[in-house]
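Chemist: Residue numbers (the working numbering), protein chains in the order written: chain U, 17 to 363; chain R, 17 to 363; chain A, 17 to 363; chain V, 17 to 363. Cβ coordinates follow ideal geometry from the N, Cα and C atoms, glycine included. Would you mind keeping the following structure in view while I ask a few things?
There are 4 protein chains.
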Amino acid sequence: MTHFDSDYNNGAHPLVLQHLVDTNSGHSTSYGYDEWSEHARKMIRKLIGCPEAGIEFLVGGTQTNATVIDSMLYPGDGVIAVDTGHIAVHEAGAVEFTGHKVITLTDHDGKMSALELKEYMQRFKADETSEHMVQPGLVYITFPTELGTLYSAHEIESIYDVCNEFDLHLYIDGARLGYGLMSADCDFNMAWLAHHCHAFYIGGTKVGALCGEAVVFPQGNEPRNFFTSIKRHGAMLAKGRLIGAQFEALFTDNLYLRISKHAIDMAQQLRAIFIEAGYRMYNDSPTNQQFVVLPNKILDQLHEHIKYEFWEPLDHEQMLCRFVTSWATTQEDLDALKTALSTIAKA
Amino acid sequence: MTHFDSDYNNGAHPLVLQHLVDTNSGHSTSYGYDEWSEHARKMIRKLIGCPEAGIEFLVGGTQTNATVIDSMLYPGDGVIAVDTGHIAVHEAGAVEFTGHKVITLTDHDGKMSALELKEYMQRFKADETSEHMVQPGLVYITFPTELGTLYSAHEIESIYDVCNEFDLHLYIDGARLGYGLMSADCDFNMAWLAHHCHAFYIGGTKVGALCGEAVVFPQGNEPRNFFTSIKRHGAMLAKGRLIGAQFEALFTDNLYLRISKHAIDMAQQLRAIFIEAGYRMYNDSPTNQQFVVLPNKILDQLHEHIKYEFWEPLDHEQMLCRFVTSWATTQEDLDALKTALSTIAKA
Amino acid sequence: MTHFDSDYNNGAHPLVLQHLVDTNSGHSTSYGYDEWSEHARKMIRKLIGCPEAGIEFLVGGTQTNATVIDSMLYPGDGVIAVDTGHIAVHEAGAVEFTGHKVITLTDHDGKMSALELKEYMQRFKADETSEHMVQPGLVYITFPTELGTLYSAHEIESIYDVCNEFDLHLYIDGARLGYGLMSADCDFNMAWLAHHCHAFYIGGTKVGALCGEAVVFPQGNEPRNFFTSIKRHGAMLAKGRLIGAQFEALFTDNLYLRISKHAIDMAQQLRAIFIEAGYRMYNDSPTNQQFVVLPNKILDQLHEHIKYEFWEPLDHEQMLCRFVTSWATTQEDLDALKTALSTIAKA
Amino acid sequence: MTHFDSDYNNGAHPLVLQHLVDTNSGHSTSYGYDEWSEHARKMIRKLIGCPEAGIEFLVGGTQTNATVIDSMLYPGDGVIAVDTGHIAVHEAGAVEFTGHKVITLTDHDGKMSALELKEYMQRFKADETSEHMVQPGLVYITFPTELGTLYSAHEIESIYDVCNEFDLHLYIDGARLGYGLMSADCDFNMAWLAHHCHAFYIGGTKVGALCGEAVVFPQGNEPRNFFTSIKRHGAMLAKGRLIGAQFEALFTDNLYLRISKHAIDMAQQLRAIFIEAGYRMYNDSPTNQQFVVLPNKILDQLHEHIKYEFWEPLDHEQMLCRFVTSWATTQEDLDALKTALSTIAKA
């Protein structure tokens with residue numbers, strides 16, 4: 017069986033795992049004060065050119081989003097996201113669970129429009145009844161989006177400007193950050209991003225780690241008592257070294273970006289294979305998630321050889337399907353896909 | 017100045033106030049166990065033909081919605097409403113504040129479509145990732161809607177059937193219940209309604225009381241420890257008699273329905289006045305809220321004589337405006353409106 | 017039956033009720049922006065000598081505590097109270113329900129010790145693990161306390177000093193504020209109090225109103241977006257005039273203080289009656305709540321004539337009982353108590 | 017430097033780490049549905065003799081407690097714990113953050129008394145005002161306790177009986193479960209425990225894993241939609257294999273119990289060393305946490321060689337200190353302690 021179902025269906029990248037082995041003996045301070053976490057923080061601060069950045073390591077994405085959003089907002093304030101945003105759909109209501117409404121704008125291939133955000137805020141400010149409404153306090157976007165698409169530097173800058181105009185925080189969910197930054201379509205780097213938002217996280221789980229996300233407050237703007245907030249959200253590891261050491265490995269010799277590059281290369285080949293085989297790509301994703309429109313009649317047959325995900329039915333005859341690559345994707349995997357598709361074509 | 021801005025811009029209906037005066041002396045048990053509250057409960061149970069109904073008196077609408085919804089749901093489960101629903105827009109996120117996502121369906125002139133509700137639930141059940149999503153537990157509709165429109169008996173029955181099929185509670189917000197029931201377009205009564213939902217509330221604040229809403233669980237299906245839940249939500253009056261006595265008055269000699277009928281009659285006249293004056297009604301509201309499309313250029317002039325509410329701009333030249341009647345609306349008020357409109361016409 | 021069971025077992029003081037009648041006709045703005053609420057605010061600001069004070073009218077005590085505490089605290093921060101504090105015992109967990117731990121210190125006849133508060137904070141600051149603990153953000157005291165006792169000006173000043181030293185808000189629950197201020201033992205007035213705390217509320221429900229509590233932020237230090245917060249907590253009345261008009265009446269011709277004085281006079285007579293009859297008073301309450309130790313064997317007999325409350329069993333033979341006076345308590349009520357006790361004595 | 021400061025200051029036990037290495041390649045289903053998690057569940061079900069047990073792997077202790085307690089309780093219900101209980105002190109208010117009050121009883125060397133629990137519940141049921149109070153729904157105890165002490169089978173059975181009598185869940189926090197079960201003083205095994213509570217968790221983080229706790233609902237009594245609840249609490253790992261594989265290793269060849277036994281043996285030797293050196297043990301802990309009373313004057317000197325934790329000052333001259341052993345504690349560590357103490361003695 018060949019796996020394209022997700023980028024978290026595998027273990028750690030071998031170099032990440034090796035670093036866990038290498039650092040396993042020896043004692044350390046707990047709760048993220050260990051030497052590996054401290055070193056990883058320094059490496060990230062240097063990379064993004066933000067010597068004052070507050071950086072904390074949390075375990076997973078939903079937890080990170082809920083903890084950061086709740087900590088940055090006043091009680092009961094709302095977060096604005098697009099309707100396809102992860103927090104709006106697939107986090108089981110974790111944000112609402114801490115009392116904050118997720119206000120949704122219509123997505124454009126997974127992305128938020130700065131103009132529509134501005135119009136929303138203008139209408140809100142002009143509305144005589146806005147005192148009776150949830151007060152927006154933060155804008156949440158994902159990079160890359162849930163549909164594999166990317167914002168340009170100009171698009172992020174425009175959203176950031178609107179946020180600053182209306183006193184909103186801009187928080188960027190980078191669960192797959194590397195796959196965005198290493199894409200041929202991306203016109204900025206991590207340092208630029210750090211200077212165009214109020215907080216973001218560098219996803220580890222989906223980019224070669226066993227678990228772990230690095231939350232960055234670039235200007236040292238960590239929310240008050242953030243350590244206690246992490247603890248209260250159940251987001252703190254006693255053995256914080258587990259994540260610190262993994263991020264140390266990921267940021268050594270550019271491993272994080274190399275992993276990302278590899279997955280994108282594989283994804284572009286995968287894309288080409290589908291197109292060549294005559295299938296329609298749903299959008300122009302330049303990242304490691306590829307969305308393909310498949311006829312229902314081949315779904316089962318393909319599943320015999322290839323693991324992939326049903327995204328949603330498009331109509332009674334076609335299914336939107338997601339294929340994902342990762343550090344673990346190999347040329348053999350692509351060959352297996354090619355073979356499977358040609359077998360189906362012959363049948 | 018003539019007031020059509022809301023149905024809560026006035027005091028209590030004189031008979032309601034008189035009953036507060038008549039019952040003021042004398043001692044009573046607190047927290048809703050007083051004799052007047054008990055009598056009002058009995059009157060309502062009899063009216064709806066539900067001798068086992070659990071009935072509690074809460075203070076206001078937002079509070080009632082948040083308390084009932086939170087008490088009927090499992091932690092973190094969601095409530096389905098239309099996007100114009102009061103809980104989705106004008107309750108400052110009170111439902112999310114207790115941890116429950118408000119899942120929105122598109123409204124049709126303020127109403128939910130039973131078919132679209134069913135399709136939503138079918139998609140949810142079929143979705144392989146639904147475990148990662150908020151679990152819907154309750155459907156919230158308003159009767160009349162925020163746009164003054166009404167569900168037919170058939171429409172409510174259809175929604176109720178979908179709810180029962182998918183194990184959802186149906187809860188009906190009756191902030192203006194009387195104005196719906198007494199409308200010429202309504203094809204059922206309160207007893208019928210009580211048999212076609214799991215909970216509803218009879219709005220007092222907007223129908224002649226100073227404050228107070230009567231929550232009804234028709235089949236004795238009060239949530240476990242509901243008294244404590246009311247207290248925890250801050251929704252309990254020490255002097256529960258304040259609301260009990262008002263509801264006793266409202267349900268004596270059909271006052272609740274008579275108040276409602278009066279306001280509807282006034283509203284229909286108001287509607288006719290606007291139409292006759294050449295203005296466009298936004299929809300066919302058969303209740304005490306009327307939505308009129310007014311050219312921007314007359315807004316200020318009309319405001320000099322008539323108090324009404326801007327609902328939302330329709331375009332750069334027209335404003336959707338709301339005019340509301342109540343027990344306190346008089347024939348003189350309507351005459352004043354007529355005069356104001358004709359003065360504007362001449363100008 | 018003679019009633020000493022609570023100070024909310026009655027209706028409104030006749031002058032309060034009369035003012036509701038007098039102001040009932042005529043229209044007004046909603047949500048507390050009406051003229052009566054505005055006037056009541058001005059009267060209170062003048063009385064306390066705080067022209068900048070933010071003042072809002074909420075419906076009941078539990079609701080007021082939960083709304084104010086949640087609005088003044090950062091998410092997840094804790095509130096310090098004594099173990100007999102109302103929020104710690106009889107508010108059904110309303111404060112915890114919004115995510116804030118109630119941290120309890122031992123009470124001294126219902127009161128908090130400034131010294132023990134200081135020691136608590138010193139230990140907290142010195143504790144190496146305090147990052148893992150709830151961060152205290154606010155101190156809650158009641159005046160008078162749940163046991164009818166009073167803080168001296170010196171005691172409140174000491175607590176206020178500790179609060180300022182440790183960056184804690186001081187919030188005073190004045191559900192029965194008048195009964196404290198008018199007590200012979202009280203060495204300050206409302207203006208002094210307003211200058212020695214960050215927020216307090218003037219209880220209406222238990223001092224002659226049908227409902228309503230006036231929250232005061234003396235230095236204009238209303239929490240950000242407090243209107244929306246009130247709405248989100250379900251604590252807002254559409255017809256805000258109901259409370260505004262009552263407070264206007266209460267603060268006209270010193271009615272609030274006159275009501276309080278009357279109840280205290282009645283309570284001191286009641287106290288004397290019990291002592292003369294040979295019963296032991298539990299403490300030296302100088303306010304309208306009196307705590308009497310009664311032998312179990314007379315409880316039922318007394319209940320035949322007098323309504324009062326069991327507070328808690330002291331041992332197998334004695335019950336601590338509470339007797340409360342109010343604006344509605346009469347000389348006849350006291351005579352009835354005297355008679356009942358002498359009948360029991362003869363039996 | 018020799019480390020006795022905690023049992024989470026180290027990496028994974030080598031066999032646990034090796035299993036992560038061995039299972040790293042190869043793909044798997046996500047979110048805890050992987051083969052290693054499934055196998056670990058089977059191993060645990062067999063060990064405890066509960067074939068129907070629901071078992072989920074969460075990341076850390078605070079998270080586990082908050083998720084389980086919130087999921088087992090009705091909204092706003094309370095959890096009863098002793099005042100030294102971890103959820104009452106060192107979890108940053110995570111339980112209150114989800115709306116549940118932690119009701120505390122006085123501890124007895126870290127333990128709850130079944131009799132006092134029963135008396136609390138009897139008083140609660142008898143209290144006429146209990147409707148206004150938080151409704152207790154669950155009892156939380158730790159085994160071993162925060163003070164290293166153990167309940168006997170009889171004591172747990174007594175608490176379980178009270179729970180069943182009053183319709184309370186019994187949930188046991190086993191963050192250090194192995195150190196309790198392998199103690200010479202323990203008169204039951206894990207299977208017995210599983211039959212005398214409604215839920216418990218087997219702590220991994222403090223017993224040789226890098227992270228991970230296994231929550232067990234012995235009778236298949238998993239709370240409704242528990243998967244979604246875990247997700248909503250941010251407690252779900254995308255790569256669930258990380259914990260599943262570690263538990264598979266811990267339950268292979270009794271590793272979990274062997275690790276525990278080793279640490280207890282070390283702890284008992286450590287205890288003997290202190291006693292022999294003339295220091296007073298604070299209590300009779302038979303587990304891997306030892307509490308020693310040390311004079312303030314030697315604290316710094318000892319810290320030069322030995323890392324340990326200040327628990328709390330006993331008076332102006334003595335500090336209560338905690339020393340903890342783990343899988344990583346060696347005979348050399350004990351020798352180093354002995355040497356340090358004798359050096360101090362000579363000084």
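When you compare the region 25 to 34 of chain V with the region 263 to 271 of chain V, are there three or more beta-carbon pairs, one atom per stretch, that lie closer than 8 Å?
Modeler: Pairwise C-beta distances place the region 25 to 34 of chain V in contact with the region 263 to 271 of chain V, as three or more of them are shorter than 8 Å.
Chemist: Would the region 62 to 81 of chain A count as touching the region 128 to 141 of chain A if we require 3 or more Cβ pairs under 8 Å?
Modeler: no
Chemist: Contact check, I289(R) vs I360(R) under 8 Å by CB: the rounded distance?
Modeler: Not really, about 12 Å apart at Cβ, beyond 8 Å.
Chemist: Here's the rule: buried if 16 or more other CB atoms are within 10 angstroms of the residue's CB, otherwise exposed. What is P302(R)?
Modeler: buried
Chemist: For C337(R), decide whether its Cβ has a neighbour in chain A, counting only Cβ atoms nearer than 8 Å.
Modeler: No, no contact with chain A.
Chemist: Whose C-beta lies closer than 7 Å to the C-beta of P67(R) among residues of the same chain, with five residues either side of it excluded?
Modeler: If we look at P67(R) and ignore the five residues flanking it on each side, its Cβ neighbours are R61.
Chemist: Give a yes or no on whether the C-beta atoms belonging to V95(A) and H116(A) are separated by under 8 Å.
Modeler: yes
Chemist: Rounded to whole angstroms, what is the Cα-Cα separation between P329(U) and G256(V)?
Modeler: 28 Å
Chemist: Closer than 8 Å by beta-carbon distance: list the chain U residues that pair up with H35(V), in chain order.
Modeler: Against chain U, the beta carbon of H35(V) has no neighbour under 8 Å; the closest one sits roughly 11 Å away.
Chemist: Roughly how many whole angstroms lie between the Cα atoms of H332(R) and G42(A)?
Modeler: 35 Å
Chemist: Going by the CB atoms, is the gap between A215(U) and V232(U) shorter than 8 Å?
Modeler: yes
Chemist: Using a Cβ-Cβ distance under 8 Å, would Y156(A) count as near chain U?
Modeler: Put simply, the CB of Y156(A) is far from chain U, with every gap to its CB atoms at 8 Å or more.
Chemist: Within 8 Å (strictly less), CB to CB, does G109(A) reach chain R?
Modeler: For G109(A), the answer is yes, since a Cβ of chain R falls inside 8 Å of its Cβ.
Chemist: Please decide whether L248(R) counts as near chain A, where near means a Cβ-Cβ distance under 8 Å.
Modeler: Checking the sequence, you will find Arg at residue 248(R) rather than Leu. Taking Cβ atoms only, chain A reaches closer than 8 Å to R248(R), which makes this a yes.
Chemist: Between L154(V), K127(V), R192(V) and E107(V), which lies nearest to Q151(A) when the distance is taken from Cα to Cα?
Modeler: E107(V)
Chemist: In the DSSP assignment, find the unbroken alpha helix (DSSP H) run with C179(R) in it and report its ends.
Modeler: A169 to E181
Chemist: Tell me whether I291(R) is buried or exposed, calling it buried when 16 or more other Cβ atoms sit within 10 Å of its Cβ.
Modeler: exposed
Chemist: Could you say which of K134(A), D269(A), S168(A) and Y195(A) lies nearest to C179(A) if we only look at CA atoms?
Modeler: K134(A)
Chemist: Using only CA atoms, which one of V340(V), M17(V), N26(V) and L36(V) lies nearest to A225(U)?
Modeler: L36(V)
Chemist: Between the region 277 to 310 of chain U and chain A, which residues of the former have a C-beta closer than 9 Å to a C-beta of the latter?
Modeler: Going along the region 277 to 310 of chain U in chain order, one finds no residue with a Cβ nearer than 9 Å to chain A.
Chemist: Cβ closer than 8 Å: which chain U residues qualify as neighbours of Y136(A)?
Modeler: None at all; the shortest Cβ gap to chain U is about 17 Å.
Chemist: Express the C-alpha separation of A344(U) and M297(U) in angstroms, rounding to a whole number.
Modeler: Cα to Cα, the separation comes out at about 23 Å.
Chemist: Quick check on H185(V): does DSSP put it in helix, strand or coil?
Modeler: strand
Chemist: To which residues of the same chain is S22(A) closer than 6 Å at the C-beta, ignoring the five residues directly before and after it?
Modeler: V340
Chemist: Note the first and the last residue of the continuous alpha helix (DSSP H) segment covering M59(V).
Modeler: E51 to I64
Chemist: Helix, strand or coil for P160(V), going by three-state DSSP, please let me know.
Modeler: coil
Chemist: Taking CB distances under 8 Å as the criterion, tell me whether H106(U) reaches chain R.
Modeler: yes
Chemist: By Cβ distance below 6 Å, which residues in the same chain neighbour A104(V) in space, the five residues on each side in sequence not counted?
Modeler: A97, V118 and T120
Chemist: Taking 8 Å as the cut-off, decide whether the C-beta atoms of P239(U) and A210(U) are in contact.
Modeler: No, they are not a contact pair.
Chemist: For chain A, is any of its Cβ atoms less than 8 Å away from the one on G48(R)?
Modeler: False, the Cβ-Cβ gap to chain A never drops below 8 Å.
Chemist: Is there a C-beta anywhere in chain U that falls below 8 Å from the one on T221(V)?
Modeler: Interface residue, yes.
Chemist: Helix, strand or coil: how does DSSP classify Q284(A) here?
Modeler: Helix.
Chemist: What would DSSP say about P239(R), mapped onto helix, strand or coil?
Modeler: coil
Chemist: If you measure beta-carbon to beta-carbon, which residues of the region 119 to 153 of chain V are closer than 9 Å to chain R?
Modeler: For the region 119 to 153 of chain V, the residues whose beta carbon sits under 9 Å from a beta carbon of chain R are, in order, S146, E147, H148, M149, V150 and Q151.
Chemist: Would you report the Cα separation of T161(U) and I218(U), rounded to the nearest angstrom?
Modeler: 14 Å
Chemist: At the level of alpha carbons, what is the spacing between A56(V) and L193(V)?
Modeler: 17 Å
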